[in-house]
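The next block holds one structure in the form of structure tokens; read it before the comments.
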Amino acid sequence: MVLSFKIIWIHDCCAISLDGNRILTEIFACYIRLLKQADMLVVLLFVFEFRTLAVCVQDGDMGGKSHSLWLCFPDHRGTSFTWARVHYYSADGSNKGGPARLPGPDGTSPPDRVFTAQASKEPSGNCIIVRAVLKKREYGSRYTQNNFITAVRAMNEFCLKLSDLEQLRKIRRRSPHDDTEAFTVFLRSDVEAKALDVWGSMEALARERKHRKEEEMEYKENLFRNQQLLKEYKDFWGNTKVSVNVCLFLHICSPEVINGLNFFFKLLAWVHTGSASMFSEAIHSLADTANQALLALGIIQSVRNPDPIHPYGFTNMRYISSLISGVGIFMMGAGLSWYHGIIGLLHPHPIESLIWAYCILAGSLVSEGATLLVAINEIKKSAHKQGASFYDYVMQSRDPSTNVVLLEDAAAVLGVVLAAGCMGLTSLTGNPYYDSLGSLGVGTLLGTVSAFLIYTNTQALLGRSIQAEHMQKLTEFLESDPAVRAIHDVKATDMGLSKVRFKAEVDFDGRVVTRSYLEKQDIEQILTEIQQVKTPEELEAFMLKHGENIIDTLGAEVDRLEKELKQRNPEVRHVDLEIL
Numbered sequence: 007m008v009l010s011f012k013i014i015w016i017h018d019c020c021a022i023s024l025d026g027n028r029i030l031t032e033i034f035a036c037y038i039r040l041l042k043q044a045d046m047l048v049v050l051l052f053v054f055e056f057r058t059l060a061v062c063v064q065d066g067d068m069g070g071k072s073h074s075l076w077l078c079f080p081d082h083r084g085t086s087f088t089w090a091r092v093h094y095y096s097a098d099g100s101n102k103g104g105p106a107r108l109p110g111p112d113g114t115s116p117p118d119r120v121f122t123a124q125a126s127k128e129p130s131g132n133c134i135i136v137r138a139v140l141k142k143r144e145y146g147s148r149y150t151q152n153n154f155i156t157a158v159r160a161m162n163e164f165c166l167k168l169s170d171l172e173q174l175r176k177i178r179r180r181s182p183h184d185d186t187e188a189f190t191v192f193l194r195s196d197v198e199a200k201a202l203d204v205w206g207s208m209e210a211l212a213r214e215r216k217h218r219k220e221e222e223m224e225y226k227e228n229l230f231r232n233q234q235l236l237k238e239y240k241d242f243w244g245n246t247k248v249s250v251n252v253c254l255f256l257h258i259c260s261p262e263v264i265n266g267l268n269f270f271f272k273l274l275a276w277v278h279t280g281s282a283s284m285f286s287e288a289i290h291s292l293a294d295t296a297n298q299a300l301l302a303l304g305i306i307q308s309v310r311n312p313d314p315i316h317p318y319g320f321t322n323m324r325y326i327s328s329l330i331s332g333v334g335i336f337m338m339g340a341g342l343s344w345y346h347g348i349i350g351l352l353h354p355h356p357i358e359s360l361i362w363a364y365c366i367l368a369g370s371l372v373s374e375g376a377t378l379l380v381a382i383n384e385i386k387k388s389a390h391k392q393g394a395s396f397y398d399y400v401m402q403s404r405d406p407s408t409n410v411v412l413l414e415d416a417a418a419v420l421g422v423v424l425a426a427g428c429m430g431l432t433s434l435t436g437n438p439y440y441d442s443l444g445s446l447g448v449g450t451l452l453g454t455v456s457a458f459l460i461y462t463n464t465q466a467l468l469g470r471s472i473q474a475e476h477m478q479k480l481t482e483f484l485e486s487d488p489a490v491r492a493i494h495d496v497k498a499t500d501m502g503l504s505k506v507r508f509k510a511e512v513d514f515d516g517r518v519v520t521r522s523y524l525e526k527q528d529i530e531q532i533l534t535e536i537q538q539v540k541t542p543e544e545l546e547a548f549m550l551k552h553g554e555n556i557i558d559t560l561g562a563e564v565d566r567l568e569k570e571l572k573q574r575n576p577e578v579r580h581v582d583l584e585i586l
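Heads up, the numbering used here is the position in the sequence shown plus 6, with the first residue counted as 1.
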């Protein structure tokens with residue numbers, strides 16, 4: 007098909023006719039206003055009746071760029087002559103490559119120029135590119151023609167019954183959950199129409215929603231009241247249900263009981279001897295007891311199941327309790343030890359009956375040493391499961407509950423040795439300053455431990471990244487997939503309790519995704535559909551049909567990659583792959 011344009015100059019305006027002079031006034035009543043601004047020639051073209059042409063012409067002197075003519079059709083009449091073809095039109099003349107000539111002062115117009123597709127194979131001079139484009143569809147702010155809604159949302163938001171939904175169109179879509187492959191959804195427009203049919207009007211639907219909300223609030227109040235009564239009943243008659251695994255508290259509760267006993271006996275020894283070092287050790291044991299109780303509370307909270315308000319669970323409660331534990335050690339342990347040591351230096355007093363203090367310190371050394379060995383064994387087991395060394399596991403605080411016990415017990419053992427040494431120097435020399443220096447030394451030791459706990463748990467709460475080797479392993483797995491071109495903006499954070507959250511921007515290979523879709527289709531059937539396409543409307547319907555299916559295939563590829571990534575790396579619990 008060949009198109010030709012004829013430009014007729016009429017003073018400061020011109021008209022364009024298709025194929026010469028056919029129905030010029032009725033179909034192609036064109037008015038062109040030429041505006042010369044700097045080196046730019048702008049043409050505004052308006053076509054009445056049933057076509058609208060938008061033209062932007064740039065002067066040929068501007069870098070040799072060709073002129074473009076865009077055809078936009080408000081409806082589907084008369085669109086067959088330019089659908090999906092691009093034609094180049096050029097003209098030869100003395101003004102080749104220069105700006106268009108305007109009519110002269112005498113009112114005569116330049117000779118007619120006929121633009122035809124056969125003039126040249128390559129565009130030269132002033133060229134016009136003709137393209138057919140579809141009219142842009144305007145979507146309102148509440149376009150719900152293709153929005154899907156689940157059955158639960160339909161019943162909750164529109165106050166419908168399951169029997170009402172049985173009469174609507176059902177659509178099977180990919181499930182966003184791992185436990186199911188597909189689930190049934192409904193068109194939101196169908197649900198809205200059904201709700202109006204059931205309730206009669208939007209006002210009646212709003213009244214029903216308000217009534218159900220009031221009933222829900224009353225149900226929650228009754229449920230809360232019954233839970234309180236059940237709790238009181240269990241508190242009165244006893245609750246035999248074990249809420250948390252006993253093994254989980256083995257290395258937490260045992261040190262707590264031991265530290266409580268140590269605090270009691272050390273406090274008696276301080277009252278009997280007046281030793282500043284013994285007072286620091288008593289405060290040390292009290293701080294350990296209180297902080298391990300906080301840690302046990304954090305473990306109880308961390309094993310709770312996720313809820314709508316906390317969709318990722320409560321695993322960070324371990325880090326929060328460990329952080330509070332570090333602050334408590336610094337305030338109670340280090341602060342009071344430093345205070346008592348300074349008071350001993352300013353106001354020294356003699357120490358008596360140190361034999362009782364030595365016996366209690368010996369018993370404390372045995373108990374604290376046994377607890378320290380238990381903590382070391384627990385950390386070795388956890389580090390072996392994670393594939394990390396003992397030192398790396400402690401420094402990265404993979405398990406704060408075990409690390410707190412380890413550091414507190416290590417500090418307790420060193421504190422007992424330091425206190426015993428300073429008390430021994432005081433016994434040998436009779437100088438009470440050594441005992442006060444021992445109190446300052448224990449306080450410094452506690453301050454160092456608390457600073458380490460505060461730093462490591464703060465880093466964990468801020469969203470610490472996983473090890474670089476592990477992240478590289480996850481990235482290489484995704485990049486090895488044929489459907490993936492590149493991976494960008496990778497973020498993998500440790501959520502605690504051996505849980506990792508992975509996020510990445512994925513650049514998919516469109517050809518591979520399209521081929522994956524075509525492999526599941528009947529190519530002969532698609533070819534038959536292509537051959538039956540005769541009009542732009544049929545072409546649009548064909549492209550929309552297969553385009554939607556290809557988008558679904560792309561979503562299925564994302565689900566496949568997320569599932570395989572979780573299967574190969576069990577520690578990865580949450581995967582967010584964004585299409586780039």
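Where is the CB? At the ideal position from N, CA and C, for every residue including glycine.
Between which two residues does the beta strand (DSSP E) containing residue i stretch?
i	result
His494	Val490 to Gly502
Glu584	Val578 to Ile585
Give the straight-line distance between the Cα atoms of residue i and residue j, rounded to the nearest whole angstrom.
i	j	result
Lys176	Ala466	46 Å
Pro354	Trp344	15 Å
Asn228	Ala288	48 Å
Ala425	Ile460	25 Å
Phe79	Glu535	Its pLDDT being 38, under 50, Phe79 is placed unreliably in this model, and the value from its coordinates should be taken loosely. C-alpha separation (whole angstroms): 25 Å.
Lys572	Phe483	11 Å
Leu444	Gly347	Note on residue identity: the sequence assigns Gly, not Leu, to residue 444. So the two alpha carbons sit approximately 8 Å from each other.
Ala138	Gln537	With a pLDDT of 49 at Ala138, under the threshold of 50, the modelled position of that residue is not reliable, and the figure given next carries that caveat. Spanning the two alpha carbons is a distance of roughly 20 Å.
Cys36	Glu546	Residue confidence is low: Cys36 scores 39 on pLDDT, short of 50, so the model does not pin down where it sits. Its coordinate-derived value is still stated next. Cα-Cα distance, rounded: 29 Å.
Asp495	Phe508	11 Å
Lys497	Gln473	11 Å
Tyr439	Gly350	7 Å
Ala296	Val263	11 Å
Arg579	Ser504	9 Å
Ala416	Ser442	21 Å
Arg159	Glu530	41 Å
Gly319	Glu209	39 Å
His591	Ile315	Limits of the chain in this structure are 7 at one end and 586 at the other, which puts residue 591 out of reach.
Leu303	Ser395	28 Å
Asp515	Pro317	32 Å
His552	Arg180	17 Å
Thr85	Val519	At Thr85, the pLDDT of 34 sits below 50, so the modelled position is not reliable; the number obtained from the coordinates is stated separately. Roughly 33 Å separates the two Cα atoms.
Ile38	Pro542	With a pLDDT of only 38 at Ile38, under 50, the local geometry of the prediction cannot be trusted, and the value read off the model is given with reservation. When rounded, the distance between both Cα atoms is 28 Å.
Val564	Leu379	47 Å
Cys365	Phe271	10 Å
Leu171	Glu220	24 Å
Lys526	Ala510	28 Å
His390	Ala381	14 Å
Thr58	Tyr523	Low confidence applies to Thr58: its pLDDT is 37, below 50, so where it sits in the model is not reliable, and the reading given next is rough at best. Between Thr58 and Tyr523, the C-alpha separation is close to 38 Å.
State the start and end residues of the unbroken alpha helix (DSSP H) segment that holds residue i.
i	result
Arg2	The displayed coordinates of the chain run from 7 to 586. Any statement about residue 2 would go beyond what the structure contains.
Ala381	Leu360 to Gln392
Phe483	Ala474 to Glu485
Phe396	Phe396 to Met401
Glu554	Pro542 to Arg574
Val518	Gly516 to Leu524
Thr156	Element bounds for Thr156: not the alpha helix (DSSP H) but the beta strand (DSSP E), Phe154 to Thr156.
Ile335	No alpha helix (DSSP H) contains Ile335, which DSSP labels as neither H nor E.
Asn463	Tyr439 to Leu467
Gln531	Ile529 to Gln537
Tyr318	Per DSSP, Tyr318 belongs to no alpha helix (DSSP H) and is neither H nor E.
Gly350	Leu342 to Leu352
Taking the CB atoms as reference points, tell me whether residue i and residue j lie closer together than 7 Å.
i	j	result
Thr321	Met501	yes
Leu586	Val506	no
Ser327	Leu300	yes
Leu412	Ile385	yes
Asn463	Tyr325	yes
Ala201	Phe154	no
Thr279	Ala363	yes
Leu174	Phe189	no
Leu583	Glu570	no
Would you verify that the beta carbon of residue i is, or is not, closer than 7 Å to some beta carbon of chain B?
i	result
Gln392	As a matter of chain content, chain B is missing from the structure shown, which is built from one protein chain.
- Item | Unbroken stretches of the alpha helix (DSSP H), 4 residues or longer, contained in the segment 165-222 | 168-171 and 194-205
- Query: Is the segment 425-436 in contact with the segment 391-399, if contact means three or more CB pairs nearer than 8 Å?
  - Reply: no
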